[in-house]
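Colleague:
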Amino acid sequence: MSAPKIVIASAVRTPIGRFNGTLAGMSAPELGAAAGNAALEAASVSAQEVDRVIMGYARQAGAGPNPARQMQRLMGIPEASTAWTLNQACASGLKTLQMAADELKLGRAKVVMAGGMESMSRVPFMLDRMRTGYRLGDAPVIDGMYRDGFQCPIANMIMGETAELLAQERGITREEQDRFALDSQRKAGEARDAGRFQDEMIPLTIKSRKGETVLDFDEHMRPDATLESMAKLPAVFAKENGTVTPGNASGITDGAAALVLMTAEEAERRGISPLAELMDVEVTGTDPKRMGLGPVPATNQLFERNGWQMSDFGLFELNEAFAAQALACLQELPIPRELLNVNGGAIALGHPIGCTGARIVVTLLHEMRRRKVDRGLATLCVSGGLGISAGFQLV
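Taken in order, the sequence shown gives residues 17 to 411; the numbers are from the working numbering.
#1: Please name the residue in Arg68, Met91, Ile170 whose C-alpha comes closest to that of Ala125.
#2: Residue range of the alpha helix (DSSP H) that Gly109 falls in?
#3: Classify Pro350 as buried or exposed, calling it buried when 16 or more other Cβ atoms lie within 10 Å of its own Cβ.
#4: Measure the beta-carbon distance from Met384 to Ala292 and round it to whole angstroms, keeping in mind my assumption that it falls under 8 Å.
#5: Run through the DSSP bridge pairs and tell me what Trp324 is partnered with.
#6: With a threshold of 7 Å on Cβ separation, who are the neighbours of Arg186 within its own chain once the five nearest residues in sequence on each side are excluded?
#7: Span of the beta strand (DSSP E) holding Leu343?
#8: Report yes or no: is there a C-beta of chain B within less than 8 Å of the C-beta of Phe166?
#9: Taking all protein chains shown into account, do 16 or more other C-beta atoms lie within 10 angstroms of the C-beta of Asp232, making it buried, or fewer, making it exposed?
#10: What's the C-alpha gap between Ser405 and Ala339?
#11: Can the beta-carbon of Pro368 be found less than 8 Å from the beta-carbon of Ala25?
#12: Determine the burial state of Pro156: buried for a count of at least 16 other Cβ atoms within 10 Å of its Cβ, exposed for fewer.
#13: Apart from the five residues just before and just after Ala254, which ones in its own chain have a Cβ nearer than 8 Å to its Cβ?
#14: Tell me the residue span of the beta strand (DSSP E) that contains Asp296.
#15: Could you tell me the boundaries of the alpha helix (DSSP H) in which Met246 lies?
#16: So, for Thr361: in the same chain, excluding its five sequence neighbours on each side, which residues have a beta-carbon less than 7 Å away from its beta-carbon?
#17: With DSSP collapsed to three states, give me the class of Val377.
#18: By Cβ distance, which residues of its chain are closer than 6 Å to Ala40, with the 5 residues on each side in sequence left out?
#19: Can you grab the Cα-Cα spacing for the pair Thr379 / Val28, in whole Å?
#20: Would you mind giving the Cβ-Cβ distance between Ala280 and Lys121, rounded to the nearest angstrom? I have them listed as a contact below 8 Å.
#21: Among the residues of its own chain, which have a CB less than 7 Å from the CB of Gln317, if the five just before and after it don't count?
#22: Using 8 Å as the Cβ pair cut-off and three pairs as the minimum, do the segment 267-275 and the segment 129-147 touch?
#23: Among Ile93, Met278, Lys388, Ala50, which has the Cα closest to the Cα of Leu294?
#24: Verify whether the separation of the beta carbon atoms of Gln184 and Ile174 is less than 8 Å.
#25: Excluding five sequence neighbours on each side, which residues of the same chain lie with their C-beta closer than 7 Å to the C-beta of Arg306?
#26: Asn359 to Gly153, Cα distance in whole Å?
#27: Quick check for students: name the residue ranges of the beta strand (DSSP E) that lie wholly in the segment 133-220, counting only runs of 3 or more.
#28: Touch check for the segment 233-248 and the segment 191-206: three-plus C-beta pairs under 8 Å?
#29: Please look up how many angstroms separate the CB atoms of Ala55 and Val276, rounded, as I've assumed it's under 8 Å.
#30: Between which residues of its own chain and Ser224 is the CB-CB distance below 8 Å, once the five residues before and five after are set aside?
#31: Does the Cβ of Met136 lie closer than 7 Å to at least one heavy atom of the ligand GDP?
#32: What does DSSP give as the partner residue(s) for Glu228 in the beta ladder?
#33: Can you tell me which of the three DSSP states Phe35 falls into?
#34: Measuring only the C-alpha atoms, how far is Asp144 from Ala105?
#35: Tell me the rounded alpha-carbon separation between Tyr162 and Asn264.
#36: Just checking my contact of Gly92 with Met71 at CB under 8 Å: how many whole Å lie between their CB atoms?
This is the structure in structure tokens:
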């Protein structure tokens, strides 16, 4: 018997907040619940009908046990339903879709919520040896952002250093990176001004002592950036001849994205018209020092297993962890540039780590529907030396 088709009934995201910006007061589970409630409403599914909640979350220090379960509680999903939190670094939000599909194919659930959430603004600082005590002298305060994310103990490198390595080895210049980043900002600005994010994004109301603030746009964007302003930014990760800067790297941000998945048969029974079918997902390993190339083997293996080729797809989301990393992948993958990240990417919008894998799918699916494109591909590099790719088809 063939496996059932898995469809995405709805796909929603929050605005992406800049680091220590408007969303800094919201926890990751709160962000996830906001996206999740909107996704349920869009799918015409009640919280009482959700069997599983599977959420990516990559910077979990200090967030409490199983934040996906916290999100479930905030949404009013029954206690008998289950939830778990996935950390596969940048792949987290996309990997949850594969796990949701597995639950559905095995008949363990009828309705699954998947996605990702991240509050990078709330990642704490830590005193590493406080539990055993400090006898004498000073001790460093550890930045949880670096310990749990930027530093790769496998490669013994900071993520930006892996991007510098690719730029050096592959002859990717600073100007090429800045132009790629500028293009991301331009496309994101045009998408915002044209209202192309309206269908995928929900506004958030943030309450404080000063009153209420409504955020209905992505805060990190700099669509007014120029090549001249980009050129003034210093390289961060290499003392000599560095090329990776804050302008051509993804932004530290907060946000969440949620998707409702079920089988095609279940969607038909409910009278739901899904956004798309989740066709297949592939995760592969690669050299941790060159983790930015992860999308290459992941995409190649995905295509080989399914008999696909690049021309079978009409839109592509390749996460922009760094311009150097994205450009290195484009040297290996024949993705038409005019079909890549057409509404901008993480350099412009930001990269809330556990959320991004789901966020790029949300953006991809809505743009596929808008353009009536039959198939789309989403892919990310992953710290520690992984790559993930997934194929989607309009229903």
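Every residue gets a Cβ at the ideal spot worked out from N, C-alpha and C, and that includes glycine.
Modeller: Well, looking at it:
#1: The shortest C-alpha separation from Ala125 is found at Arg68.
#2: Counting along the chain, the unbroken alpha helix (DSSP H) around Gly109 starts and ends at 108-121.
#3: Result: exposed.
#4: Contact holds; Cβ gap of about 7 Å.
#5: Answer by DSSP bridge pairing: none, since Trp324 is not bridged.
#6: Cβ neighbours of Arg186 beyond the five flanking positions: Ala344, Gln347.
#7: Element bounds for Leu343: not the beta strand (DSSP E) but the alpha helix (DSSP H), 339-348.
#8: Protein chains in the displayed structure number just one, and chain B is not present.
#9: Exposed is the call here.
#10: Put simply, the backbone Cα of Ser405 is about 18 Å away from that of Ala339.
#11: For the pair Pro368 and Ala25, the CB atoms are not nearer than the 8 Å cut-off.
#12: It is exposed - the Cβ of Pro156 has fewer than 16 other Cβ atoms within 10 Å.
#13: If the five residues before and after Ala254 are omitted, its C-beta is found closer than 8 Å to the C-beta atoms of Glu177, Glu180, Val260, all from its own chain and listed in chain order.
#14: Element bounds for Asp296: 292-301.
#15: That run of the alpha helix (DSSP H) goes 243-247.
#16: The question names Thr, but residue 361 in the sequence shown is Gly. Here the set comprises Ser200, Asn335, Glu336.
#17: If DSSP states are grouped into helix, strand and coil, Val377 belongs with the helices.
#18: Only Ser137 meet the Cβ criterion.
#19: Between Thr379 and Val28, the C-alpha separation is close to 9 Å.
#20: With a Cβ gap of about 12 Å, Ala280 and Lys121 do not count as contacting.
#21: Excluding sequence neighbours, Gln317 sits near Glu298, Thr300.
#22: Three or more beta-carbon pairs drawn from the segment 267-275 and the segment 129-147 are found closer than 8 Å, and the two stretches are therefore classed as touching.
#23: Distance check between Leu294 and each of Ile93, Met278, Lys388, Ala50 places Met278 closest, using alpha-carbon atoms only.
#24: Annotated as distal: Gln184 and Ile174, with beta-carbon spacing of 8 Å or more.
#25: In chain order, Thr178, Leu181, Leu182 place their CB closer than 7 Å to the CB of Arg306, counting only its own chain and leaving out the 5 sequence neighbours on each side.
#26: Taking the straight line from one Cα to the other gives about 51 Å.
#27: List check, beta strand (DSSP E) in window: 141-143, 157-159.
#28: These segments touch.
#29: Yes, they are in contact, since the Cβ atoms of Ala55 and Val276 sit about 5 Å apart, within 8 Å.
#30: So the qualifying residues of the chain are Gly41.
#31: Among the components modelled here there is no ligand, and therefore nothing to report on the ligand GDP.
#32: According to DSSP, Glu228 bridges with Lys223.
#33: DSSP, read as helix, strand or coil, puts Phe35 in coil.
#34: If you take the alpha carbons of Asp144 and Ala105, they lie about 22 Å apart.
#35: Between the C-alpha atoms of Tyr162 and Asn264 there is a straight-line separation of about 19 Å.
#36: The Cβ separation is near 16 Å, so there is no contact.
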